[in-house]
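See below for the structure under consideration.
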């Protein structure tokens, strides 16, 4: 039974990668992440006390390593073994500049529905049929831990 699932997973990853390879010599144009406008110092309001999320479980870390690290890398830097084969580089989960502009719900939807469904990289597969919502929520929390940032 395990052998069948491993073959299925391997085939799924290969199909995803073959659909996302960059066969052209054109460089990929990437738009810079949106910037936050400067706000005058007088308009700052003290932030409410933030409740620190629960620590990320080992199960969530293992899930990230199994499903995400092939593209995003073991430490989330976007340097996974498949990263160089993709037309659009995987997101670096350790850089807060982009991730802090996204809500947890936006990250959840990108993982569940895939990049194309949310207007992002078409190479990002949809994991909604593979992972439970609780697992995806755990991955969102782990990404927040990697980037040391909170959502918008």
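In the numbering used here, the protein residues as written are 95 to 246. A virtual CB, placed ideally from N, CA and C, is assigned to each residue, including glycine. Owing to the predicted nature of the structure, the values given are computational and were not obtained by experimental measurement.
Spatially closest choice to residue i from the options, by CA coordinates
i: residue 180; options: 215, 196, 237, 200; result: 215
Straight-line Cα distance separating residue j from residue i
i: residue 173; j: residue 159; result: 13 angstroms
i: residue 226; j: residue 213; result: 22 angstroms
i: residue 192; j: residue 98; result: 38 angstroms
i: residue 245; j: residue 200; result: 9 angstroms
i: residue 220; j: residue 207; result: 4 angstroms
i: residue 166; j: residue 217; result: 12 angstroms
i: residue 156; j: residue 232; result: 11 angstroms
i: residue 203; j: residue 210; result: 11 angstroms
i: residue 164; j: residue 154; result: 16 angstroms
i: residue 223; j: residue 230; result: 11 angstroms
i: residue 242; j: residue 170; result: 12 angstroms
i: residue 152; j: residue 178; result: 28 angstroms
i: residue 150; j: residue 194; result: 18 angstroms
i: residue 175; j: residue 162; result: 11 angstroms
N-terminal and C-terminal residue of the alpha helix (DSSP H) that residue i is part of
i: residue 154; result: 152-157
i: residue 192; result: 190-193
i: residue 232; result: 227-241
i: residue 166; result: 163-166
i: residue 198; result: 198-207
Touch check for the stretch 235-246 and the stretch 185-193: three-plus C-beta pairs under 8 angstroms?
At 8 angstroms Cβ cutoff, the stretches touch.
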